[in-house]
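As numbered in full-length UniProt numbering, residues 1 to 485 make up the sequence shown, in order. This report concerns only the one structure given below.
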Amino acid sequence: MKTRKEVKKNKPSRGKKTGLIALVAILGLASIFGIGYAVFRQSHFAYGKMISGEKVSLMSVDDAYEKLAKLNVPMKVVIQTPTGDMELMAPARYKITKDSLKKLLNQSNGKLEENPQFDAELKKSVAALAFKEEKGKDATIQFDKTQGYVIVPEVPSTVVDRDKLVAAIKKDVTSDNHEVKIEIQGFYTPVKIDKNNPTLLAQLKKANEKIDKKITLKINTQTYVIPREVMASFVNDKGVIDDQAVYDWVAGALNNQFATINQTVHWRNPIDNKLYEYTNNGDYGWDINFPDGQKQIVDALNSANATAELTLKIDGNVNENPRDIKDFVYIDLLNQMEYVYRNNQRVVETRIISGRNHKGTATVPGFHTIGYKTMDTHLKGTMIDGSKYDVPVKYWEPLLSRGDNGPYFTGIGMHDSNNKDLGFQDVNAWLTTLGSNGCINNPPAVMPLVWDNTYEGMAVIIQGDLYANSPGVYDKPVEFGNVIG
């Protein structure tokens, strides 16, 4: 038999029983809570839950839908412009349904489905905005007479980059913002080239280095420094030389300023002492050799040297001055006379026979030059009546006349003519068959003197309206000259 002490020792403790009951109770409650929370979470969002930036903590799907739907409305966007504010309504940001919210219940990061029409509607609204837009202008290089090539700064554009604007609005509207204001200046389309563009600055330097050169031209007895504005006409704003522009300037403006070959002829008639003006036939005087002038100038511009002195090549006789003719042959048609002058002194005077009585065989008035000289040749051709001729001559000096494309040989010239001795005594011999086909017939005894006192390029002035009443039409250039003094 157990003693009382032993029985007492084996008896369960009251405290342990109470603890066990409590644990069972807690586990029961936890189970009930867990089941309840699980049921709760089937229709409610978790604590601290955010959906697209909005709190829906512990909210039911219905409550969350109601809250988000109120927030998901078109948003006013204010666009601030220099001429005042403009407004548009951005479309609703999201496509919200209860079913879509239920899908987000158990997702850690909830994000609403975007409105599929959002982009299209926003672009349409932005496209409809009537901004005051003007295209900008890139910075450019222009020539200034006092400064040379300078940079003209860009003109800012006020054309709005609408795609960029749409992207910015979308970013703000789809964030936590509930009010959107945008400064339009940040969305102007920038110009491509501004005044600090490295390429533009390099081109400016290159262009000015070329046109700032001092290029001195030696033209016959004169000198000429090419002005900067002239060089700018054949060096463009990128510093590139236009070879053709250089050639055109040498052949045009420069040659016209200095050369004599294109000057009108001022000639004083030694018989009546009147000063006459004629068009130069393009052979009397001198001009600049165009290809040589072009090459020298282009080479100087491309050189690293800042200065250059260029002696330009001259074509023609530098001693021929159309405004001061001292050596010439004067043909007086009305009196059928020929005079040869050297240094304004008469050295030959003789009777002649000119072209026959028809404008087609006329010895045409005007300014001419001796094209060349040759001896012992035959002159062949057809008279205006169709008859052929083949005339042997000892001396032949054909004349260059003025043509549309420069000086040319008309077939007229000075030569000796045999078997016309009596004709040289008759001032009207040209009215007979003794008249020539346009040439100036000289007596054989006098022609050697003419030959000895004339030279290639020498001026020949033919005067007198001898053929005014002759039949036919002139087939060669005719000029009677203007009295100017």
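Glycine included, every Cβ here is placed at the ideal spot set by N, Cα and C. Model, not experiment: these values are computed from the prediction.
Spanning the alpha carbons of His368 and Ala459 requires a straight line of approximately 6 Å. DSSP places Pro398 in the uninterrupted beta strand (DSSP E) bounded by 388–403.
Apart from the 5 residues on each side of it in sequence, Val329 sits with its Cβ closer than 6 Å to the Cβ of Val340, Val460 in its chain, given in chain order. Of the residues assessed, Lys49 falls on the buried side of the cut-off, its CB having 16 or more other CB atoms within 10 angstroms.
With contacts defined as CB atoms closer than 8 Å, Tyr65 and Leu101 qualify as a contacting pair.
Within the same chain, Ile51, Gly110 come within 7 Å of Leu104 by CB-CB distance, once the 5 residues on both sides are set aside. Straight across, the Cα-Cα distance linking Asn437 with Ile412 is about 8 Å. A residue is called buried when at least 16 other Cβ atoms come within 10 angstroms of its Cβ; Met89 does not meet this threshold and is exposed. The beta-carbon distance between Asp172 and Val180, rounded to whole angstroms, is 5 Å. This is short enough to meet the 8 Å contact definition.
One thing to note: Gln263 has its Cβ within 8 Å of the Cβ of Gly285. By the 16-neighbour rule on beta-carbons within 10 angstroms, Thr311 is exposed.
Rounded to the nearest whole angstrom, the C-alpha separation of Thr374 and Glu397 is 7 Å. Secondary structure at Thr140: strand, using DSSP grouped into helix, strand and coil.
Collapsing the DSSP output to three states places Pro448 in a helix. Just measuring C-alpha positions, the residue of Tyr188, Ala232, Arg351 sitting nearest Ile297 is Ala232. Note on the segment 415–481: whole alpha helix (DSSP H) runs with a minimum of 4 residues are 447–452, in chain order. In the structure shown, Asp287 adopts extended strand secondary structure according to DSSP, grouped into three states. A distance below 8 Å between beta-carbons, with the five flanking residues on each side excluded, links Ala300 to the following residues of its chain, in chain order: Lys213, Ile215, Ala308, Leu310. With a cut-off of 8 Å on Cβ pairs, the segment 129–138 is in contact with the segment 152–167, counting three or more such pairs.
By DSSP's assignment, Ile151 forms a beta bridge with Ile141. Apart from the 5 residues on each side of it in sequence, Ile151 sits with its Cβ closer than 7 Å to the Cβ of Ala139, Ile141, Lys195, Leu200, Leu204 in its chain, given in chain order. Take Leu71, set aside five residues on each side of it, and the residues of its chain with a beta-carbon closer than 7 Å to its own are Glu54, in chain order. Residue environment: Asp144 is assigned as exposed (fewer than 16 neighbouring CB atoms within 10 Å of its CB, all protein chains considered). Boundaries of the alpha helix (DSSP H) around Gln244: 243–249. If you look at Tyr330, you'll find it in the beta strand (DSSP E) that goes 328–332.
Unbroken alpha helix (DSSP H) stretches of 4 residues or longer found wholly inside the segment 191–251: 198–211, 228–234, 243–249, given in chain order. The beta-carbon distance between Ile96 and Ala69, rounded to whole angstroms, is 6 Å. This is short enough to meet the 8 Å contact definition. In the three-state DSSP reduction, Phe131 falls in the coil class, being neither helix nor strand. Nearest to Ile226 by C-alpha distance, out of Lys210, Val240, Asn236, Lys238, is Lys210. The beta carbon of Ser60 lies closer than 6 Å to those of Ser43, His44 in the same chain, with the five residues before and after it left out. Measuring C-alpha to C-alpha distances from Asp287 to each of Asp390, Asn106, Glu320, Glu349 identifies Glu320 as the nearest. In this structure, Asn418 is the residue among Asn418, Arg402, Leu399 with its C-alpha nearest to the C-alpha of Val393. Using a C-beta cut-off of 8 Å, the segment 433–450 makes contact with the segment 336–354, since at least three inter-stretch Cβ pairs fall below that distance.
In the structure shown, Ser108 adopts coil according to DSSP, grouped into three states. Comparing alpha carbon positions, the residue from Ala207, Lys170, Lys192, Asp161 closest to Gln185 is Asp161. Here Ile440 is actually not in contact with Thr382; their C-beta atoms are around 19 Å apart, not less than 8 Å.
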